[in-house]
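K.L.:
Just so we're aligned: 338 in the working numbering is position 288 of the sequence shown, and the numbers increase by one with no gaps anywhere. Don't be surprised by glycine CBs; every beta carbon is placed ideally from N, CA and C.
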Amino acid sequence: NTNSQWGGRFSEATDAFVQRFTASVMFDQRFAKQDIQGSIAHATMLASAGVLSEDEKNLIITTLNDIAQDIAAGKFEWSIALEDVHMNIESELTRRIGITGKKLHTGRSRNDQVATDIRLYLRDEIDVIAHELTRLQQGIVGLAEREADTIMPGFTHLQTAQPVTFGHHLMAWYEMLSRDFGRLMGCRKRMNYSPLGAAALAGTTYPINRELTAELLGFSAPTRNSLDSVSDRDFAIEFCGFAAILLTHMSRMSEELILWTSAQFDFIDLPDRFCTGSSIMPQKKNPDVPELVRGKTGRVNGHLVSLLTLMKSQPLAYNKDNQEDKEPLFDTVDTVRDCLRAFADMIPAITPKKDSMRNAAMRGFATATDLADYLVRKGIAFRDAHEIVGKSVAFGIEQGRDLSEMTLAELQQFSAEITQDVFDVLTLEGSVAARDHIGGTAPNQVRLATVNAHKELAAR
Ligand code: ARG
Numbered sequence: 051n052t053n054s055q056w057g058g059r060f061s062e063a064t065d066a067f068v069q070r071f072t073a074s075v076m077f078d079q080r081f082a083k084q085d086i087q088g089s090i091a092h093a094t095m096l097a098s099a100g101v102l103s104e105d106e107k108n109l110i111i112t113t114l115n116d117i118a119q120d121i122a123a124g125k126f127e128w129s130i131a132l133e134d135v136h137m138n139i140e141s142e143l144t145r146r147i148g149i150t151g152k153k154l155h156t157g158r159s160r161n162d163q164v165a166t167d168i169r170l171y172l173r174d175e176i177d178v179i180a181h182e183l184t185r186l187q188q189g190i191v192g193l194a195e196r197e198a199d200t201i202m203p204g205f206t207h208l209q210t211a212q213p214v215t216f217g218h219h220l221m222a223w224y225e226m227l228s229r230d231f232g233r234l235m236g237c238r239k240r241m242n243y244s245p246l247g248a249a250a251l252a253g254t255t256y257p258i259n260r261e262l263t264a265e266l267l268g269f270s271a272p273t274r275n276s277l278d279s280v281s282d283r284d285f286a287i288e289f290c291g292f293a294a295i296l297l298t299h300m301s302r303m304s305e306e307l308i309l310w311t312s313a314q315f316d317f318i319d320l321p322d323r324f325c326t327g328s329s330i331m332p333q334k335k336n337p338d339v340p341e342l343v344r345g346k347t348g349r350v351n352g353h354l355v356s357l358l359t360l361m362k363s364q365p366l367a368y369n370k371d372n373q374e375d376k377e378p379l380f381d382t383v384d385t386v387r388d389c390l391r392a393f394a395d396m397i398p399a400i401t402p403k404k405d406s407m408r409n410a411a412m413r414g415f416a417t418a419t420d421l422a423d424y425l426v427r428k429g430i431a432f433r434d435a436h437e438i439v440g441k442s443v444a445f446g447i448e449q450g451r452d453l454s455e456m457t458l459a460e461l462q463q464f465s466a467e468i469t470q471d472v473f474d475v476l477t478l479e480g481s482v483a484a485r486d487h488i489g490g491t492a493p494n495q496v497r498l499a500t501v502n503a504h505k506e507l508a509a510r
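(1) Kindly identify the DSSP beta-bridge partner or partners of residue 205.
(2) Taking the alpha carbon of residue 398 as the point to measure from, which residue in 451, 320 and 381 has its own alpha carbon closest?
(3) Just reading off the alpha helix (DSSP H) that residue 239 is part of, what are its end residues?
(4) Quick one: give me the first and last residue of the alpha helix (DSSP H) that residue 320 is part of.
(5) Within 6 Å: the Cβ of residue 115 and any heavy atom of ligand 1?
(6) Is any heavy atom of ligand 1 found at a distance shorter than 6 Å from the C-beta of residue 391?
(7) So is the beta-carbon of residue 160 under 6 Å away from any non-hydrogen atom of ligand 1?
(8) Strictly under 7 Å for the Cβ-Cβ distance: is residue 129 near chain C by that measure?
(9) Under a Cβ-count criterion, where at least 16 other Cβ atoms within 10 Å of its own Cβ denotes burial, should residue 223 be classed as buried or exposed?
(10) By how many angstroms is the C-alpha of residue 203 removed from the C-alpha of residue 499?
(11) How would you label residue 161, buried or exposed, when you count the other beta carbons within 10 angstroms and need 16 or more for buried?
(12) For the segment 334-345 against the segment 239-259, are there 3 or more C-beta pairs whose distance is under 8 Å?
(13) With distances taken from CA atoms, which of 140, 104, 132 and 127 is nearest residue 71?
(14) Give me the Cα-Cα distance between residue 159 and residue 93, rounded to the nearest whole angstrom.
(15) According to DSSP, simplified to helix, strand and coil, what is residue 326?
(16) From which residue to which residue does the alpha helix (DSSP H) around residue 110 run?
(17) Quick check for students: name the residue ranges of the beta strand (DSSP E) that lie wholly in the segment 247-322, counting only runs of 3 or more.
(18) Any chance the CB of residue 134 is under 6 Å from a heavy atom of ligand 1?
(19) Any heavy atom of ligand 1 closer than 6 Å to the CB of residue 281?
(20) Do you know offhand how far residue 345's Cα is from residue 295's?
(21) Rounded C-beta distance between residue 262 and residue 95? I'm assuming under 8 Å.
(22) Find the nearest neighbour of residue 292 within the set 479, 226 and 266, judged by alpha-carbon distance.
(23) Verify whether the separation of the beta carbon atoms of residue 432 and residue 439 is less than 7 Å.
(24) Along the alpha helix (DSSP H) that carries residue 460, what are the first and last residues, could you check?
(25) Please classify residue 502: is it buried, with 16 or more other beta-carbons within 10 angstroms of its beta-carbon, or exposed?
(26) Please state if the CB of residue 201 and the CB of residue 408 are separated by a distance shorter than 7 Å.
(27) Identify whether residue 245 lies in helix, strand or coil by the three-state DSSP scheme.
(28) Starting from residue 378, trace the alpha helix (DSSP H) both ways and give me its first and last residue.
(29) I believe residue 220 touches residue 258 by the beta-carbon criterion, under 8 Å. Please report the beta-carbon distance rounded to the nearest angstrom.
(30) Could you check if residue 164 belongs to the surroundings of ligand 1, using beta carbon to heavy atom distance under 6 Å?
(31) Looking at C-alpha atoms only, which residue of 98, 303, 150 and 238 is the closest neighbour of residue 112?
(32) In the DSSP assignment, what are the bridge partners of residue 336?
(33) Mind reading off the beta-carbon distance from residue 478 to residue 417? Whole number of angstroms is fine, and I expect it under 8 Å.
(34) Can you tell me whether residue 358 is buried or exposed? The criterion is at least 16 other CB atoms within 10 Å of its CB, across all chains shown.
(35) Within its chain, find whatever has a CB closer than 7 Å to the CB of residue 392; leave out the 5 residues flanking it on each side and keep chain order.
(36) Nearest-angstrom Cα distance between residue 81 and residue 140?
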């Protein structure tokens, strides 16, 4: 018995292993809903073009909707012998309504069908992901607002550099994620064109109306070249590129959260519900969620490389290689959704340990630059000021005291220009408040940034 969908020219059945090897229904049934959505649009268009009668169209659509319900209810039997989601659904349609079902595939190929389905599927997922990303950003802005005045050490080289506010640090995360959101929207916009009508590769001889199917499916327009339409997987690569950069950002955030929860930093507390314990060490509370997010960055980066490698050197137009685009794409979608959900739930529940952050900022001479700037304002050249402060810091290290903990007389050993007002700039609060310009760490600026962020999020 040869295959019912294309067995006409074959004289023996497909090898049982080859059948399994070439099948995709195990994973592409994931976009059954979008496959049916595409078929309904195609049938509607065929009727308007006079290729199907109104009755045939209506029967096809009603039956496809019934099948969609059965699939959603888990009552559909998928068959490996029918290879993929497209042939499974089409053959069930024909089983139910006979000859009319066989007419659905007129003027269409699985090549433009699958290209349409993945775009519809990914577009739906992008909308969910955009929503989760926005929810995470809202959580970050909310926390930043509450922590606009909270002082912590800022780092370069992971060495104490200058005091910053915790809110400012959080708003840096917000900026990374805003660029990710822009990339996601760019991807959505570029992919939102309808390949339907490209058929196998060259188009079709039927009087089809590609504008109509594009419109029915919510695409901006039909794609412009049939060969490109069936072979283009840029959108999948672009989506994985977005995901790899997003996860790179989230892995950086994770790394900081993990450091901050350690006894050595002790900057924040994560709620117990986002942590796990140890089966041997009773004291342990491990930051598993950020650790896993950091770890999952690896698989997402891997999927991006898989897709780039999959597409490399493929000649036009469709090649079966393209069936390999699905599993990396699906796993990327799932991973991104889960990571965003975990972070969107967890971030607003972070408890900053303000005293501990402040004490950490008191160590490491975080206000040394402020002292140098102070001396410049007193007429000393910056390089000389740098030298003077360097000596003061060396003295502080020897004494085990911060600059703000020295007496005026002690500071004056290094420069006669230092007077009582120096203590205004040596405080942590004075230091952050002085960086009061666009993008600076002053609490005023952080509050302004959160106001702007709320506006940006509301306009999405
Ligand atoms: N399952 C196939 C895929 O995922 C659908 C397209 C098959 N087309 C073909 N000519 N074999 O790409």
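P.N.:
Quick look at the numbers:
(1) 210
(2) 320
(3) 216-241
(4) That residue, residue 320, is in no alpha helix (DSSP H); it is neither H nor E in DSSP.
(5) no
(6) no
(7) yes
(8) The structure shown contains no chain C; it holds only a single protein chain.
(9) buried
(10) 20 Å
(11) buried
(12) no
(13) 132
(14) 13 Å
(15) strand
(16) 104-122
(17) none
(18) yes
(19) no
(20) 14 Å
(21) 5 Å
(22) 226
(23) no
(24) 458-462
(25) exposed
(26) yes
(27) coil
(28) 376-396
(29) That pair is no contact at about 52 Å.
(30) yes
(31) 150
(32) 326
(33) 7 Å
(34) exposed
(35) 339 and 343
(36) 14 Å
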